[in-house]
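Converting from the sequence shown to the numbering used here requires adding 21 to each position, the first position being numbered 1.
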Amino acid sequence: MKRILVTGGAGFIGSNFVRLLVASGRDVIILDKLTYAGTIENLDDVLGSTNTRFVQGDVCDGSVVKDLAKQVDCIVHFAAETHVDRSITDATEFVRTNVQGTHTLLEAARSHDLRFLQIGTDEVYGSTNEGLFTESSELRPSSPYSASKAAADLLVRSYSITYGLDEVITRSSNNYGPFQHPEKFIPRMITNALNDLPLPIYGDGLNSRDWLYVDDNCRGILTVMEKGVRGETYNIGCGQDRSNLEVVKAVLQLLSKPMDLIQYVPDRLGHDRRYALDWARMKSLGWKPLVDFSEGLGLTVEWYVSHPEWWKHSS
Ligand SMILES: NC(=O)c1ccc[n+]([C@@H]2O[C@H](COP(=O)([O-])OP(=O)(O)OC[C@H]3O[C@@H](n4cnc5c(N)ncnc54)[C@H](O)[C@@H]3O)[C@@H](O)[C@H]2O)c1
């Protein structure tokens, strides 16, 4: 696969993935609406090259999507509304972009016989206090965000069964790293600490996530794009579970800020306690994570410290 359409490529994971694709010698078309969550600045270092093209547009716009689908061999679909708290306030855009947008892309992929890579999330499995979710675990999403992502995954799978579409789904755990919007947990904690503002933690602070450095996820997605078995789902995790409280303490320590900046706030509605993935299937493709949490968090903190203009502009 030489020519790739990346949707949502001006967002956090999408822009990091575009960099990896360009480095691998692919031709890349990026389709992004540039909502509050995406910015063209995230692609500054790659947009000058002759093998990348940026198109500002909506994944729900069938005519734009069909026109771009003609020009590629594969679609990697990141574009989504992604912030759980926003989905609790109003889920309308989540259903439109995450479900309708995925349907629009699937129709285009089917017409042009393309490979379709759906970027999913471990949040579709819901919460578990112990054990690991495998790819065949039940889908039990808790938030309107994760429900819209589960609906999209099910649509993707139906296109493989009904129409024989060449599709693969990845479901990763929580990502962190450079270019993540400051509304998300780790950037919010880093930027508040840099501004000497309180660091709000939901509930008792013991909700835990398996934190995956974004470069590891992007390498995993590339591996699945190249070697993933048609119709299969791949969990991408890394076994780096940390509670929110542990993450916040580590951020404060790295920035030499006082622990009394921690502020407990009422819990999020429907807040999942713990996510944890079995990623043996990714190992069978030859992938493994390379960055552990303390190294990744150090790199991430350094990036936010050295890019204040980026996060002040995005906040
Ligand atoms: N961030 C995580 O921890 C994580 C974990 C697992 C899975 N995912 C999935 O990975 C994907 C990317 O997540 P992210 O954190 O990079 O998201 P993000 O919010 O940083 O970026 C989303 C991008 O999609 C674009 N977009 C939104 N609506 C659009 C539309 N209608 N048409 C075209 N573009 C549109 C935005 O402008 C933005 O550039 C999502 O599908 C998300 O569900 C994210």
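Don't be surprised by glycine CBs; every beta carbon is placed ideally from N, CA and C.
Quick caveat: nothing in here was measured; it's all calculated off a predicted structure.
Which residue comes first and which comes last in the alpha helix (DSSP H) that contains S45? That residue, S45, is in no alpha helix (DSSP H); it is neither H nor E in DSSP.
Per DSSP, cross-strand counterpart(s) of S264: S229
Run through DSSP, which three-state label would E323 get? helix
So, helix, strand or coil for V93, using DSSP? coil
Start-to-end residues for the alpha helix (DSSP H) that takes in T73: Premise fails: T73 lies in the beta strand (DSSP E), 73 to 77, not in any alpha helix (DSSP H).
Rounded to whole angstroms, what's the CA-CA distance from E288 to F137? Just pull it up for me. In the sequence as presented, Glu is not what sits at residue 288; that position holds Asp. The straight-line gap from Cα to Cα measures roughly 37 Å.
May I ask whether a heavy atom of ligand 1 can be found less than 7 Å away from the beta carbon of G35? yes
Taking just the CA atoms, how far does S169 sit from V116? 6 Å
Within the present structure, is the beta-carbon of K54 separated from the nearest heavy atom of ligand 1 by less than 7 Å? yes
Could you tell me the alpha carbon to alpha carbon distance between E253 and I190, rounded to whole angstroms? 7 Å
In whole angstroms, what is the alpha-carbon distance linking K248 and P203? 33 Å
Taking C-alpha atoms, which residue in L220, Y57, V39 lies nearest to S70? V39
To the nearest whole angstrom, what separates the beta carbons of A100 and D66, a pair I think is in contact under 8 Å? Incorrect: roughly 21 Å between the Cβ atoms, too far for contact.
Could you spell out the range, first to last residue, of the beta strand (DSSP E) harbouring F137? 136 to 142
heavy atom of ligand 1 below 7 Å from A101 C-beta: yes
Ligand 1 and C259: does the residue's C-beta get closer than 7 Å to at least one heavy atom of that ligand? no
Taking all protein chains shown into account, decide if I96 is buried (16 or more other Cβ within 10 angstroms of its Cβ) or exposed. buried
Leaving aside the five residues before and after T142 along the sequence, list all residues of the same chain whose C-beta is less than 8 Å from its C-beta, in chain order. S167, K170, R192, S193
Extent of the continuous alpha helix (DSSP H) to which D66 belongs: 65 to 68
Give me the residue from Q261, D225, A214 with the minimum Cα distance to V326. A214
Whose C-alpha, out of N150, T110, V80, V145, is nearest the C-alpha of A129? V80
Pick out the complete alpha helix (DSSP H) segments inside the region 176 to 233, 4 residues or longer, and give them in chain order. 206 to 215
State yes or no: is the C-beta of G147 nearer than 7 Å to some heavy atom of ligand 1? no
Pairwise C-alpha distance: R295 and C239: 23 Å
So, for G198: in the same chain, excluding its five sequence neighbours on each side, which residues have a beta-carbon less than 6 Å away from its beta-carbon? Y234, V235, T321
Please report the distance separating the alpha-carbon of L41 from that of L26. 14 Å
Under the three-state DSSP convention, the category Y296 falls into: coil
Please report the straight-line C-alpha distance between N196 and V268, rounded to a whole angstrom. 13 Å
Terminal residues of the continuous alpha helix (DSSP H) containing L127? 123 to 133
Can you tell me whether DSSP reads H98 as helix, strand or coil? strand
Three-way DSSP call (helix, strand, coil) for L273 in this model: helix
Backbone CA spacing between G224 and T118 [nearest angstrom]: 30 Å
Is I242 a contact residue of ligand 1, with contact defined as CB to any heavy atom under 7 Å? no
Between G319, R74, D262, G35, which lies nearest to V93 when the distance is taken from Cα to Cα? R74
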